[in-house]
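Numbering (our numbering), first residue to last: -15 to 431.
Note that beta-carbon positions come from the ideal geometry of N, C-alpha and C, so glycine has one too.
Remember, predicted model here, so these are calculated numbers, not experimental data.
In what follows, a single structure is set out as structure tokens and then discussed.
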Amino acid sequence: MQLENQSVEYKREYTDEIKKTVIAFANTTGGKIYIGISNDLSVLGVDDVDNVFLKCTNMIRDTIKPDITMFIDYQVETIENKNIVVIAVQRGTMRPYYIGSKGIRPEGIFIRQGASSVPASETLIIKMIKETSSDEYEELRSINQDLTFDFCKKEFDQANLKFLKEQMISLNLLGIDGLYSNLALLLSEQCVHTIKAAVFEGESKAIFKDRIEFTGSLFKQLYDAFEFIGKHNRNRAEIHGLKRVDNYDYPQIAIREALLNALVHRDYSFSSSTLISIFDNRIEIVTVGGLLRGITKDDMLLGVSILRNKNLANVFYRLKLIEAYGTGILKIMESYDEYTNLEPSIKTSDNAFKITLFNTNEITERKVINDNVLLKKEEHEIIAFIEKRENIVRKDVEELLGISKTMANKYLKGLLDKNLITKIGSGKFIVYTKKEISSNKMKVKYF
-15 MQLENQSVEY KREYTDEIKK TVIAFANTTG GKIYIGISND LSVLGVDDVD
35 NVFLKCTNMI RDTIKPDITM FIDYQVETIE NKNIVVIAVQ RGTMRPYYIG
85 SKGIRPEGIF IRQGASSVPA SETLIIKMIK ETSSDEYEEL RSINQDLTFD
135 FCKKEFDQAN LKFLKEQMIS LNLLGIDGLY SNLALLLSEQ CVHTIKAAVF
185 EGESKAIFKD RIEFTGSLFK QLYDAFEFIG KHNRNRAEIH GLKRVDNYDY
235 PQIAIREALL NALVHRDYSF SSSTLISIFD NRIEIVTVGG LLRGITKDDM
285 LLGVSILRNK NLANVFYRLK LIEAYGTGIL KIMESYDEYT NLEPSIKTSD
335 NAFKITLFNT NEITERKVIN DNVLLKKEEH EIIAFIEKRE NIVRKDVEEL
385 LGISKTMANK YLKGLLDKNL ITKIGSGKFI VYTKKEISSN KMKVKYF
């Protein structure tokens, strides 16, 4: 007989600890457990084979998750005229296998290292989940299986929808193995992803006025974030004749759709929080996860949508939080139709998505000596900044807009060419100030 190794384990007699070796073999490359042989290869034998068979089958069926029984074979071998029970374990297809009472944690998951069965690291656990599950984050098994759904259930109740095991399976919160998916994690109180919001003084991130982090179920984060932004969405009233007209800084539908877009379409395989930044003149919402491959910004603006989290989107659709796929951005743009040249800004990179909503009550009529002058939003911000500071340097523009030196010079040159600002000094000592306006004034158009 060979010594104990990666695929061979000897046991003097039956003990519940055998389950750790079964799990280790199923999670690694398979192996055989010989009951009735000691570590020093002494053949002791098994007196009551049927009883040992019964104990082994019951233990493996009742304590190991997911079901591993289809990968187990029981045999009796005769060695030195003694009966030896052999448990042959194949490598399973639903790894990681674990002790049900311990859950998907290192203390419940074992792998084979040499002749020993040892706890698996969290990194290896995640690797096994990815190898045996879908590549989509929301469809992977959640490492945390101790989930609660109080807020989620309340949301379903308000929509007159059931939220029982059958619905959780059909919505892909529960797998056929009875384990929660990452989608379930996102909707549970134990969701590890958060939204961080901050309010800044003025139009830069120099001074914090307020900050908060929203946690819990994505539904709770949605409502909490919407309420927080609402507190900073000022309502300014104007009198038109005999009627009072209320104007919010930001269209509420734009805020709603921007938040929904951030939650439904973000890439949850990254741990970074969704960021909401509120300034005097704008709100910026930044999420991890750029546009999916094959989709361009122009496609998105036309309503083309490929879902990163199709199961999550389906849940939001069932709850009537979203009406149809691909319409959110269009609704945001349409909500600004009445505000000429003030449409929201969308910027994307390979790994991030940023939408900026502009404060509709910050629109002012700026006048210049030239007719038909067109200003970009960035140029408008620079002009407004100069009016507050009287004069600025190029570095101020870089920090204001979060752009490079080259782009800052480009915008400043554009304003110089439009005869809206003037340059004083030379070299490192150049400052820019607003040009004096004559009495022959015309309106500036923004785009």
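Using C-beta distances below 8 Å, list every residue in its chain close to residue i, excluding the 5 sequence neighbours before and after it, in chain order.
{"i": "S126", "result": "I88, L163, Y164, S165, N166, A168 and L169"}
{"i": "L155", "result": "L167, N295, N298, V299 and R302"}
{"i": "I2", "result": "K(-5), I17, I19, C40, M43 and I71"}
{"i": "L285", "result": "I313, L314, M317 and I330"}
{"i": "D32", "result": "none"}
{"i": "I370", "result": "I376, I405, Y416, T417 and K418"}
Quick one: residues in its chain with C-beta nearer than 7 Å to the C-beta of residue i, no 5 flanking neighbours on either side, listed in chain order?
{"i": "E61", "result": "I68 and V70"}
{"i": "R220", "result": "N231 and N345"}
{"i": "F210", "result": "I239, R240 and L243"}
{"i": "R(-4)", "result": "S22 and L28"}
{"i": "R292", "result": "H249, D251, G273 and L276"}
{"i": "E374", "result": "T417"}
{"i": "E(-12)", "result": "Y(-6), N23 and A99"}
{"i": "V36", "result": "Y(-2), I19, V30 and V69"}
{"i": "N128", "result": "L169 and Q174"}
{"i": "E362", "result": "L385 and Y395"}
{"i": "D57", "result": "A72"}
Between which two residues does the alpha helix (DSSP H) carrying residue i extend?
{"i": "R96", "result": "No alpha helix (DSSP H) contains R96, which is instead part of the beta strand (DSSP E) from F94 to Q97."}
{"i": "Q205", "result": "L202 to K215"}
{"i": "Y395", "result": "K389 to D401"}
{"i": "Y301", "result": "K294 to R302"}
{"i": "D283", "result": "K281 to L285"}
{"i": "F133", "result": "Neither: F133 is in no alpha helix (DSSP H) and is coded neither H nor E."}
{"i": "A8", "result": "I2 to N11"}
{"i": "I306", "result": "No alpha helix (DSSP H) contains I306, which DSSP labels as neither H nor E."}
{"i": "R378", "result": "R378 to L385"}
{"i": "L243", "result": "Q236 to H249"}
Would you decide whether residue i is buried or exposed? Buried here means 16 or more other CB atoms lie within 10 Å of its CB.
{"i": "Q97", "result": "exposed"}
{"i": "G76", "result": "buried"}
{"i": "Y416", "result": "buried"}
{"i": "L38", "result": "exposed"}
{"i": "S26", "result": "exposed"}
{"i": "Q(-14)", "result": "exposed"}
{"i": "G20", "result": "buried"}
{"i": "R79", "result": "buried"}
{"i": "M112", "result": "buried"}
{"i": "N245", "result": "buried"}
{"i": "D233", "result": "buried"}
{"i": "N343", "result": "buried"}
{"i": "L326", "result": "buried"}
{"i": "K204", "result": "buried"}
{"i": "I269", "result": "buried"}
{"i": "E139", "result": "buried"}
{"i": "S319", "result": "buried"}
Would you list the residues sitting across from residue i in a DSSP beta bridge?
{"i": "K338", "result": "V270 and K331"}
{"i": "K418", "result": "I405"}
{"i": "P103", "result": "F94"}
{"i": "E197", "result": "K180"}
{"i": "N345", "result": "DSSP, once it has assigned bridges, lists no residue as partnering N345."}
{"i": "E173", "result": "BP columns for E173 are empty, so no partner."}
{"i": "V70", "result": "Y18 and Q59"}
{"i": "F192", "result": "F184"}
{"i": "S289", "result": "Bridge partners of S289: none, in fact."}
{"i": "V27", "result": "I21"}
{"i": "S261", "result": "A182 and E268"}
{"i": "Y121", "result": "Y121 pairs with nothing; no bridge assigned."}
{"i": "N375", "result": "T417"}
{"i": "L158", "result": "Y164"}
Spatial neighbours of residue i within its chain, please: C-beta separation below 6 Å, excluding the five flanking residues on both sides.
{"i": "A143", "result": "L303"}
{"i": "T5", "result": "E(-7), I17 and S101"}
{"i": "D208", "result": "F198"}
{"i": "K189", "result": "none"}
{"i": "N454", "result": "The structure shown has nothing for residue 454, since the chain only spans -15 to 431."}
{"i": "K66", "result": "V27 and G29"}
{"i": "V377", "result": "V415"}
{"i": "E64", "result": "V27"}
{"i": "L259", "result": "K180 and V270"}
Hey, quick one: how far does the beta strand (DSSP E) through residue i stretch, first residue to last?
{"i": "I56", "result": "I56 to I63"}
{"i": "K39", "result": "Not the beta strand (DSSP E): K39 falls in the alpha helix (DSSP H), residues V33 to T47."}
{"i": "V(-8)", "result": "V(-8) to K(-5)"}
Should residue i be listed as close to the ligand ADP, given that the test is whether its C-beta is under 8 Å from any heavy atom?
{"i": "D401", "result": "As for the ligand ADP, it is missing from this structure, which has no ligand bound."}
* Mind the definition here: the region 276 to 293 touches the region 176 to 196 only if three or more C-beta pairs lie below 8 Å; say whether that holds. => no
* To do: Report yes or no: do the region 146 to 161 and the region 232 to 248 share at least 3 C-beta pairs separated by less than 8 Å?
  => no
* Does the region 255 to 272 come within contact of the region 175 to 192, defined as at least 3 CB pairs closer than 8 Å? -> yes
* To do: Would you check if the region 10 to 29 and the region 79 to 95 touch, i.e. whether three or more CB-CB distances between them fall below 8 Å?
  => yes
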